[in-house]
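The opening residue of the sequence shown carries number 113 in the numbering used here; numbering runs sequentially from there.
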Amino acid sequence: MGTTTIRIEALVDAPPEKTWDCWTSPDHITKWNAASDDWHTPRATNDLRVGGSLSFRMEARDKSAGFDFGGTYTLVSPRERLHFILADGRHVDVRFLPEGNKVRVVEEFETETTNSAELQRKGWQAILDNFKRHVEES
113 MGTTTIRIEA LVDAPPEKTW DCWTSPDHIT KWNAASDDWH TPRATNDLRV GGSLSFRMEA
173 RDKSAGFDFG GTYTLVSPRE RLHFILADGR HVDVRFLPEG NKVRVVEEFE TETTNSAELQ
233 RKGWQAILDN FKRHVEES
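Right, here's the structure in full:
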């Protein structure tokens, strides 16, 4: 079974500089990177350069489950675009598109084969929605 590419997006009511900082700063990532309130990201690192790595530890708050999420950057264009390859070989592309005083964040990712594409779309969209909320409220 091959991978599918899924596209999600959110319009963030914040300037490009703030949106980029919240997306790339480990201090911010640990505040928004979860699909639901019963999960969190206790630690994150981000070496924001081509060849640099990103790494997040995602865990259930009750410690019943957890996993590491990571990859390597192949493209870093500040406040415009990021592309990285996950440890399992899947590609992720994130674009930051200015729209007036807002930024449309468009994320495209290749699915994995363990969970349904719809479940993955919902999970990634929930994380992106948390990101939007975090940026707008911070």
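The C-beta atom is built at its ideal place from N, Cα and C for all residues, glycine as well.
Please state whether the Cβ-Cβ distance between residue i and residue j is less than 7 Å.
{"i": "alanine 156", "j": "isoleucine 239", "result": "no"}
{"i": "lysine 244", "j": "alanine 122", "result": "yes"}
{"i": "alanine 172", "j": "tryptophan 151", "result": "yes"}
{"i": "threonine 186", "j": "phenylalanine 168", "result": "no"}
{"i": "threonine 131", "j": "valine 247", "result": "yes"}
From which residue to which residue does the alpha helix (DSSP H) around residue i run?
{"i": "glutamate 192", "result": "Premise fails: glutamate 192 is in no alpha helix (DSSP H) and is neither H nor E."}
Span of the beta strand (DSSP E) holding residue i?
{"i": "arginine 119", "result": "117–124"}
If residue i and residue j are in contact, beta carbons under 8 Å, what's the gap, nearest whole angstrom?
{"i": "histidine 140", "j": "aspartate 133", "result": "7 Å"}
{"i": "leucine 194", "j": "glycine 182", "result": "14 Å between Cβ atoms; not a contact."}
Give, in chain order, every unbroken run of the beta strand (DSSP E) that is at least 3 residues long and sits entirely within the segment 200–244.
-> 203–211, 214–222
Cβ contact (3+ pairs, closer than 8 Å) linking the segment 212–232 and the segment 193–204 = yes
Count the C-beta pairs between the segment 170–178 and the segment 187–196 that are closer than 8 Å, then say yes if the count reaches three, no if not.
-> no
At 4 residues or longer, and completely inside the segment 136–166: list those alpha helix (DSSP H) runs for me, N to C.
-> 138–144
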